[in-house]
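Asker: This is the structure I want to talk about, given as structure tokens.
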Amino acid sequence: MTIKLRKVSFFIFFLLLFGIIRVSAQENHCVVKKSPYRLSMDSGKKIYNLQCLTCHQTDGQGAEPLNPPLTGKQVSGDKKKLIEIVIRGLNTHEEIDGVKYQNVMPPNPEMKDQQIADVLTYIRNSFGNKAASVKASDVKAVRSKLK
Amino acid sequence: MHIFIIPLKKDFMKQIGNCILIAFVVANSACHGTNSSGTITSDTSKMLQLTPPKPDVTLALPEGFKATVFADGLGKARHITVSSAGYVYVKLNSDKKGKTIVRLQDSNGDGVADQEIDFGSFKGTGIGIKNGYLYASSDVDVYRFKLNEDGSVTNPSGPEKIISGLISRGEHEAKAFALDNAGNIYVNIGAYSNSCQVADRKNGSPGIKPCPILDSAAGIWQFRTDKMNQTYSDGVRYATGLRNVVGLDWNTTTNTLFVMQHGRDQLTMFPQYYNDKRNAELPAECMYEIHKGDNAGWPYIYYDPVQNKKILEPEYGGDGVKTAGEDAINPVVAFPAHLAPNGLLFYTGNQFPEKYRNGAFIAFHGSWNRAPEPQEGFYVAFVPFSNGKPSGKWEIFANGFSGGADKTASGNAVHRPCGLAQGPDGSLYVTDDSKGTIWKITYK
Chain H
463 MTIKLRKVSF FIFFLLLFGI IRVSAQENHC VVKKSPYRLS MDSGKKIYNL
513 QCLTCHQTDG QGAEPLNPPL TGKQVSGDKK KLIEIVIRGL NTHEEIDGVK
563 YQNVMPPNPE MKDQQIADVL TYIRNSFGNK AASVKASDVK AVRSKLK
Chain E
249 MHIFIIPLKK DFMKQIGNCI LIAFVVANSA CHGTNSSGTI TSDTSKMLQL
299 TPPKPDVTLA LPEGFKATVF ADGLGKARHI TVSSAGYVYV KLNSDKKGKT
349 IVRLQDSNGD GVADQEIDFG SFKGTGIGIK NGYLYASSDV DVYRFKLNED
399 GSVTNPSGPE KIISGLISRG EHEAKAFALD NAGNIYVNIG AYSNSCQVAD
449 RKNGSPGIKP CPILDSAAGI WQFRTDKMNQ TYSDGVRYAT GLRNVVGLDW
499 NTTTNTLFVM QHGRDQLTMF PQYYNDKRNA ELPAECMYEI HKGDNAGWPY
549 IYYDPVQNKK ILEPEYGGDG VKTAGEDAIN PVVAFPAHLA PNGLLFYTGN
599 QFPEKYRNGA FIAFHGSWNR APEPQEGFYV AFVPFSNGKP SGKWEIFANG
649 FSGGADKTAS GNAVHRPCGL AQGPDGSLYV TDDSKGTIWK ITYK
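Protein chains in written order, with this note's numbering: chain H, 463 to 609; chain E, 249 to 692.
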């Protein structure tokens, strides 16, 4: 009985050891392999949750007729317009697909180029969207023209 | 305790009834019709025959109550009123082939509208009947239409403008109103801002002091119902410090105005004091009884329904604990946060049981500002009243508009309750501005 237990414990010990090695190997693997796109998406998601989610909602669908959805060609199309909206905000209440949205989008001039690039990359590749990433250099170019 | 009934109205008798009605309308159209300019010359010239609507959600109601879908597909159906003869008028904030007021009639008394006439050329929210006139508002003006003795409109294409030039700047534009019995109309002019910040809805942005919005918005203005072309200078700022009011009603027991305020959004803009959970619970959606000159405190304070205190807004130096607003009135009832009360009605009918007489029904449009916490609302609540004061706790009266718990939590509700009205027989009508469904709720 004791011998049997010992054998089992030994077996479990090896299993655990093997498991730990595997997990650390995987973690290392992930860090090494993370693409600039993935990094941008992860950082963008954090920014979105902090600064955008309350109005645009967890699923990016917004709240009609107050806050517009972050889907469609307005989001997947021209990067420059999007970057400008994030920096300057929007209070023109223009109609989007026939709906006049009532709430304002606040300006975010203090956000860093990389932060704006990250959150826009995240939005352009979430909620069913699939569009080119936004780079910090794109943001810099737009910002320089806004001044 | 709750029952689930929405009968399908598709019986044979109804079909026969419709055929007879069509024949009647064809004959009627020949008499009236439209004139050469295309304007409506008669209240009955463009009557539509309706097919019975199909319910797409099941409402839960207290025992003995029944809900039928009275009409559907109207668009953004906002407020609603019913004439003494039973004509149901619905104000649209969208247009139905260019028309923005819908008149519905249940000519065979089966609880479902079978005739419709559309008129009006301005989108908006408010509608009400008093002393032979139908009042309706755009987001800028208030109009009135003269009614015949039977409650039909005499001048559908030529209303009189009684108030004009009210502020409408994107946010909180709805000019919801209430009518008293002394010839006055009380119009909401909502704040064109969330919390009067230097930068509206911007994280950490401070509040402007004094808030300049209060001069011409964020309050209730009183005007006369019988005076044409009134502007701000003709009105009285009856109450101030109200961020936005969509549901309001004149209480004939107390002879005072009652309003439901939409409380502020996004306390998470001050994350040092408010996390997602606290933001979802604060501030209360408040019912106030209003007397002339009252101040409800916006944008300097909000009402905390947990502490039961008026709390200094973080935009003005608050930390979630500091109290303020000693001169601001207290709410009569504090409801959960962000539910968006869009309709208020004091029930004066005899059809519903004794408990409901003189009590308040509130239509909650449903929240969006609780994200990422689950959304709530999308129901009609009830508060019992006795001698003009709440006599018990509020409760959910009609639920299920959203189409399910998952749709409530995500906020992707099928229907969103907005307006309330009482029919001459004491039935309760509820509008939905998402799909334009109208329910009629009756008791036994």
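C-beta: ideal position from N, C-alpha, C; glycine also.
Distance cutoff 8 Å, beta carbons only. Does Trp642 of chain E sit that close to anything in chain H?
Answerer: As a position in the second sequence, residue 642 of chain E is number 394, starting the count at 1. No, no contact with chain H.
Asker: In the segment 557-589 of chain H, which residues sit with their C-beta less than 9 Å from some C-beta in chain B, listed in chain order?
Answerer: No chain B appears in the structure shown, which is made up of the protein chains H and E.
Asker: Gly334 of chain E: which of E:Lys475, E:Gly399, E:Ser650, E:Pro601 sits nearest, CA to CA?
Answerer: Along the second sequence, read from residue 1 onward, the residue named residue 334 of chain E stands at position 86. Nearest C-alpha to Gly334 of chain E: E:Gly399.
Asker: Would Val678 of chain E and Ala611 of chain E qualify as a contact pair, given that the criterion is a beta-carbon distance under 8 Å?
Answerer: Position 430 of the second sequence, counted from the start, is the residue given in the question as residue 678 of chain E. Position 363 of the second sequence, counted from the start, is the residue given in the question as residue 611 of chain E. Yes, the Cβ-Cβ distance between Val678 of chain E and Ala611 of chain E is below 8 Å.
Asker: Grouping DSSP H, G and I as helix and E and B as strand, with all else coil, what is Lys262 of chain E?
Answerer: Translated into positions along the second sequence, residue 262 of chain E becomes position 14. With a pLDDT of 42 at Lys262 of chain E, under the threshold of 50, the modelled position of this residue cannot be trusted, and the question is left open.
Asker: Could you list which residues in chain H have their beta carbon closer than 7 Å to that of Arg707 of chain E, in chain order?
Answerer: Because chain E in this structure spans residues 249 to 692, residue 707 of chain E falls outside the shown range and cannot be described.
Asker: If we define contact as Cβ-Cβ less than 8 Å, is Thr287 of chain E a contact residue for chain H?
Answerer: Taking the second sequence and counting its residues from 1, the one referred to as residue 287 of chain E is at position 39. Confidence is the limiting factor: at Thr287 of chain E the pLDDT is only 36, short of 50, which leaves the residue's position unreliable, though a coordinate-based value still follows. Not one chain H Cβ lies under 8 Å of Thr287 of chain E.
Asker: Using three-state DSSP, classify Asp552 of chain E as helix, strand or coil.
Answerer: Residue 552 of chain E sits at position 304 when you count from the first residue of the second sequence. In the structure shown, Asp552 of chain E sits in a strand (DSSP, three-state: E or B).
Asker: Measure from the alpha carbon of Ala619 of chain E to the alpha carbon of each residue in E:Glu643, E:Tyr440, E:Asn660, E:Val360, then state which is nearest.
Answerer: If you number the second sequence from 1, residue 619 of chain E lands on position 371. Checked all of E:Glu643, E:Tyr440, E:Asn660, E:Val360; the closest Cα to Ala619 of chain E is E:Asn660.
Asker: Just the C-alpha distance for Ile365 of chain E and Gln599 of chain E, rounded to the nearest angstrom, thanks.
Answerer: Here residue 365 of chain E corresponds to residue number 117 of the second sequence, with the count starting at 1. Here residue 599 of chain E corresponds to residue number 351 of the second sequence, with the count starting at 1. Cα to Cα, Ile365 of chain E sits roughly 28 Å from Gln599 of chain E.
Asker: So the candidates are E:Lys294, E:Ala319, E:Gly368; which of them puts its Cα closest to the Cα of Asp680 of chain E?
Answerer: To locate residue 680 of chain E, count along the second sequence from 1; it is residue 432. Cα-wise, what sits closest to Asp680 of chain E is E:Ala319.
Asker: According to the Cβ coordinates, are Gly359 of chain E and Thr690 of chain E closer than 8 Å?
Answerer: Counting from 1 along the second sequence, the entry for residue 359 of chain E is found at position 111. Counting from 1 along the second sequence, the entry for residue 690 of chain E is found at position 442. Yes, they are a contact pair.
Asker: By the criterion of Cβ-Cβ separation under 7 Å, what are the contact partners of Ala593 of chain H in chain E?
Answerer: Within the first sequence, numbered from 1, the residue matching residue 593 of chain H stands at position 131. Here the premise fails: no neighbours, minimum Cβ distance about 24 Å.
Asker: Cutting at 8 Å between CB atoms, please list the residues of its own chain near Leu587 of chain E, excluding the five before and the five after it.
Answerer: On the second sequence, residue 587 of chain E is found 339 positions in, with the first residue counted as 1. Same-chain partners within the cutoff: Glu533, Phe612, His613, Gly614, Ser615, Glu624, Gly625.
Asker: Relative to the alpha-carbon of Glu556 of chain H, which residue among E:Ile411, E:Gly418, E:Lys345 has its alpha-carbon at the smallest distance?
Answerer: For this step, residue 556 of chain H is matched to residue 94 along the first sequence. Measuring from the Cα of Glu556 of chain H, the nearest candidate turns out to be E:Gly418.
Asker: Note down, in chain order, each residue of its chain lying with its Cβ closer than 7 Å to the Cβ of Ala447 of chain E, except the 5 sequence neighbours on either side.
Answerer: What you label residue 447 of chain E is simply residue 199 of the second sequence in a count that begins at 1. Ser453.
Asker: Here's the rule: buried if 16 or more other CB atoms are within 10 angstroms of the residue's CB, otherwise exposed. What is Asn556 of chain E?
Answerer: Sequence index remark: in the second sequence, residue 556 of chain E carries index 308 (1-based). Exposed.
Asker: Spell out the partners DSSP gives Tyr627 of chain E in its beta bridges.
Answerer: Here residue 627 of chain E corresponds to residue number 379 of the second sequence, with the count starting at 1. DSSP lists E:Phe612 as partners of Tyr627 of chain E.
Asker: For Thr533 of chain H, which residues in chain E fall below 9 Å Cβ to Cβ?
Answerer: Numbered from 1 along the first sequence, position 71 holds the residue referred to as residue 533 of chain H. Within chain E, no residue comes near Thr533 of chain H; the closest Cβ sits about 13 Å away, beyond 9 Å.
Asker: Who does Trp498 of chain E pair with in a DSSP beta bridge?
Answerer: In the second sequence, the residue the question calls residue 498 of chain E occupies position 250. Beta-bridge pairing links Trp498 of chain E to E:Leu505.
Asker: Going by C-alpha to C-alpha distance, which of H:Leu552, H:Ile509, H:Gln536, H:Val561 sits closest to Glu526 of chain H?
Answerer: Stepping through the first sequence from its first residue, residue 526 of chain H is reached at position 64. Of the candidates H:Leu552, H:Ile509, H:Gln536, H:Val561, the one whose C-alpha sits nearest the C-alpha of Glu526 of chain H is H:Val561.
Asker: Assuming contact is defined by CB atoms lying nearer than 8 Å, are Phe471 of chain E and Ile410 of chain E in contact in what I supplied?
Answerer: Looking up residue 471 of chain E in the second sequence gives position 223. Looking up residue 410 of chain E in the second sequence gives position 162. Yes, these two residues count as a Cβ contact at 8 Å.
Asker: Name, please, each residue of chain H whose Cβ falls closer than 9 Å to the Cβ of Ala465 of chain E.
Answerer: Position 217 of the second sequence, counting from 1, holds the residue named residue 465 of chain E. The premise fails here: Ala465 of chain E is roughly 14 Å from chain H at the closest Cβ pair, so nothing lies under 9 Å.
Asker: Beta-carbon of Asn556 of chain E versus every beta-carbon of chain H: anything under 8 Å?
Answerer: For the purposes of this step, residue 556 of chain E is taken as the residue at position 308 of the second sequence. Taking Cβ atoms only, chain H never reaches closer than 8 Å to Asn556 of chain E, which makes this a no.
Asker: Less than 8 Å between CB atoms is the rule here; does Glu533 of chain E satisfy it with respect to chain H?
Answerer: Locating residue 533 of chain E in the second sequence gives position 285, counting from the first residue. Chain H contact via Cβ: absent.
Asker: Can you check which of these residues, E:Pro310, E:Ala466, E:Glu311, is closest to Pro547 of chain E by C-alpha distance?
Answerer: Counted from its first residue, the second sequence places residue 547 of chain E at position 299. Selected option, being the one with the closest Cα: E:Ala466.
Asker: Beta-carbon of Asp462 of chain H versus every beta-carbon of chain E: anything under 8 Å?
Answerer: Outside the shown range of chain H, which is 463 to 609, sits residue 462 of chain H, and nothing can be said about it.
Asker: When the cut-off is 8 Å and only beta carbons count, does Trp616 of chain E lie next to chain H?
Answerer: Taking the second sequence and counting its residues from 1, one reaches residue 616 of chain E at position 368. Cβ-Cβ to chain H under 8 Å: yes for Trp616 of chain E.
Asker: Compute the Euclidean distance between the alpha carbons of Pro531 of chain E and Ile349 of chain E, then round it to the nearest angstrom.
Answerer: Counted from its first residue, the second sequence places residue 531 of chain E at position 283. Counted from its first residue, the second sequence places residue 349 of chain E at position 101. Answer to the nearest angstrom: the Cα atoms are 34 Å apart.
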